[in-house]
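With the working numbering applied, the sequence shown covers 778 to 1103.
For each residue, glycine too, the CB sits at the ideal point set by N, CA and C.
Note that the coordinates shown come from a computational prediction; the quantities given were computed from them, not determined experimentally.
To keep things clear, I will list the structure first and then write my remarks on it.
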Amino acid sequence: MLDIKALREAFEAYRQQHAFSQEPQGLYEPVEYIMSSSGKRLRPVLVLMGGALFNGDTAHTLPVAMAVEVFHNFSLVHDDIMDEAPLRRGRPAVHTKYGLNTGILSGDVMLICAYQFLSKGGKTAKEVADLLNVFNTVAIEVCEGQQFDVDFESRNDVTISEYINMIELKTAALIGGSLQMGGIAAGAPPTAQLQLRDFGRNIGIAFQLQDDILDTFGDPEKFGKRVGGDILQNKKTFLILKALELAEGATYQTLHHLMTTTPQDEASKVSTVTQILRELRIPDWAERKKQEYQDLAFSALDQLDAPQQGKQQLRALAEKLLVRES
């Protein structure tokens, strides 16, 4: 049985035991600030779940879970700088609280620390090498996805398939990699490792589509970020790309103009674009696309040769994530 609450508590205890309290304080305090914030701990929990499915020893999976969470938060620190996002999880972003230069440098040291933790995972030299190989592949993919995301802001010919590829790299690769690395640290068979990866990747795409929906249509108090941020950044999300595909005449011209310019009145831009999305029933289209990847994920999970009860709990966690409001 996978006790998700117990796995999350085990990770929190490990994280607190390895708090970033060393000197210089100016470098590590921002790291501890973001690491101690109340995130979902999705990725480290997935590492531990992937390991627990194959009776993995937490002595080997907890360092991997910590490596993944440090890396994830490193990427958030730098993403917030690139996006000029003032908030993260309902609190001032690291660069907002500590300054731009500190945000860059503290993010840099987080990436290095992630490798330190990763090197403590795995029982054999081969497992450590496999962990490094998957981690490096995923880390590069995350950077590639981020660059595609930036490039798309100034392109007017982005396709939905290009967008799906971008979110698979930027978001889903790490979710799939978390499960895969948990399996590696537990000594799971290679086929099972890949099935865990495929389940996680497809859930990750669906997860990001849900995030896109919440960014425009969510409750800002629950979402923890400014609603409409993607619209103001001219991000070509699935919602916008599908709307541009369906819109005609004056509606298309208005939407295209708004999503290729910087407005003087931000509230008006968000309101107008949101209204167009509603008129075109874009939330329904997004929900259907999300369901498509959810189905692919559960197909991979069904094929996984692992205890049924554990698979059911993994499925239940995924389903909960995909109906979330934050």
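Work out the CA separation of residue j and residue i for me, nearest whole Å.
| i | j | result |
| --- | --- | --- |
| arginine 866 | serine 813 | 11 Å |
| isoleucine 858 | glycine 880 | 8 Å |
| glutamine 1052 | lysine 1013 | 17 Å |
| leucine 1009 | valine 1047 | 7 Å |
| leucine 1099 | leucine 1054 | 21 Å |
| arginine 978 | isoleucine 952 | 6 Å |
| alanine 1024 | leucine 888 | 43 Å |
| glutamate 1069 | alanine 783 | 31 Å |
| threonine 873 | alanine 862 | 8 Å |
| glutamate 1056 | valine 1004 | 19 Å |
| methionine 843 | leucine 956 | 13 Å |
| valine 915 | glycine 954 | 7 Å |
| proline 1084 | glutamine 1090 | 10 Å |
| valine 905 | asparagine 913 | 12 Å |
| lysine 1019 | alanine 1095 | 25 Å |
| valine 919 | alanine 950 | 7 Å |
| phenylalanine 788 | isoleucine 781 | 11 Å |
| isoleucine 811 | glutamate 800 | 17 Å |
| aspartate 1106 | methionine 826 | The structure shown has nothing for residue 1106, since the chain only spans 778 to 1103. |
| aspartate 1042 | leucine 779 | 49 Å |
| asparagine 933 | arginine 792 | 43 Å |
| isoleucine 917 | valine 935 | 22 Å |
| serine 1103 | lysine 817 | With a pLDDT of 48 at serine 1103, under the threshold of 50, the modelled position of that residue is not reliable, and the figure given next carries that caveat. So the alpha carbons of these two residues sit roughly 9 Å apart. |
| valine 886 | glutamine 987 | 31 Å |
| aspartate 1079 | leucine 895 | 29 Å |
| phenylalanine 848 | aspartate 1061 | 33 Å |
| glycine 890 | histidine 1034 | Residue identity differs from the one stated: residue 890 is cysteine in this sequence, not glycine. Taking the straight line from one Cα to the other gives about 44 Å. |
| glycine 884 | alanine 870 | 12 Å |
| aspartate 856 | threonine 901 | 34 Å |
| leucine 864 | threonine 1038 | 23 Å |
First and last residue of the alpha helix (DSSP H) that includes residue i?
| i | result |
| --- | --- |
| histidine 795 | Premise fails: histidine 795 is in no alpha helix (DSSP H) and is neither H nor E. |
| proline 840 | 835-860 |
| glutamate 800 | Looking at the DSSP string, glutamate 800 is not in any alpha helix (DSSP H), and its letter there is neither H nor E. |
| threonine 1051 | 1043-1056 |
| glycine 954 | 950-962 |
| aspartate 928 | 902-930 |
| phenylalanine 1075 | 1059-1080 |
| glycine 899 | Segment: none, glycine 899 is in no alpha helix (DSSP H) and carries neither H nor E. |
| threonine 1014 | First-last for threonine 1014: undefined, no H or E at that position. |
| valine 824 | 819-829 |
| methionine 1036 | Unbroken run through methionine 1036: none, as it is neither H nor E. |
| arginine 974 | 967-994 |
| glycine 1087 | 1085-1098 |
| lysine 874 | 871-875 |
| serine 813 | Taken as a continuous stretch (DSSP letters only), serine 813 belongs to no alpha helix (DSSP H), as it is neither H nor E. |
| asparagine 942 | 937-944 |
In or out: residue i buried (at least 16 other Cβ within 10 Å) or exposed?
| i | result |
| --- | --- |
| serine 798 | exposed |
| serine 852 | buried |
| alanine 1093 | exposed |
| proline 967 | exposed |
| lysine 903 | exposed |
| glycine 899 | buried |
| alanine 790 | exposed |
| aspartate 989 | buried |
| lysine 730 | For residue 730 there is no data in the structure shown, the boundaries of the chain being 778 and 1103. |
| aspartate 992 | buried |
| asparagine 878 | exposed |
| glutamine 802 | exposed |
| glycine 1026 | exposed |
Since residue i and residue j should fall inside the 8 Å C-beta cutoff, what is the C-beta to C-beta distance between them, to a whole number of angstroms?
| i | j | result |
| --- | --- | --- |
| methionine 958 | valine 845 | 7 Å |
| valine 854 | leucine 908 | About 23 Å; that fails the 8 Å criterion. |
| leucine 1021 | valine 1050 | At roughly 11 Å, the Cβ-Cβ gap does not stay under 8 Å, so leucine 1021 and valine 1050 are not in contact. |
| isoleucine 1017 | methionine 1036 | 6 Å |
| phenylalanine 1015 | lysine 1066 | 6 Å |
| glycine 960 | phenylalanine 1075 | Not quite, the Cβ-Cβ distance comes to about 18 Å (not below 8 Å), so this is no contact. |
| alanine 963 | glycine 828 | 4 Å |
| threonine 838 | valine 824 | 6 Å |
| leucine 804 | leucine 882 | 6 Å |
| glutamine 972 | leucine 1081 | 4 Å |
| tyrosine 875 | proline 807 | 5 Å |
In chain order, what residues of the same chain lie with their CB nearer than 7 Å to the CB of residue i, ignoring the 5 residues before and after it?
| i | result |
| --- | --- |
| glutamate 921 | Leu946 |
| alanine 796 | Glu809 |
| proline 1040 | Lys1046 |
| alanine 1044 | none |
Using a C-beta cutoff of 8 Å, does residue i count as contacting chain C?
| i | result |
| --- | --- |
| glycine 964 | Any reference to chain C falls outside this structure, which holds one protein chain only. |
With a CB to CB cut of under 6 Å and the five nearest residues on each side skipped, what residues in its chain are close to residue i?
| i | result |
| --- | --- |
| threonine 948 | Gly981 and Gln985 |
| asparagine 910 | none |
| alanine 983 | Lys1067, Tyr1070, Gln1071 and Leu1099 |
| lysine 897 | Pro840 |
| arginine 785 | Arg818 and Val822 |
Short of 8 Å in beta carbon distance, which residues of its chain neighbour residue i, apart from the five on each side in sequence? Order them along the chain.
| i | result |
| --- | --- |
| aspartate 860 | Gly1006 and Gln1010 |
| phenylalanine 925 | Glu939, Asn942, Met943, Leu946 and Lys947 |
| glutamine 970 | Gln957, Gly960 and Ile961 |
| glutamate 930 | Gln1010, Asn1011, Lys1012 and Lys1013 |
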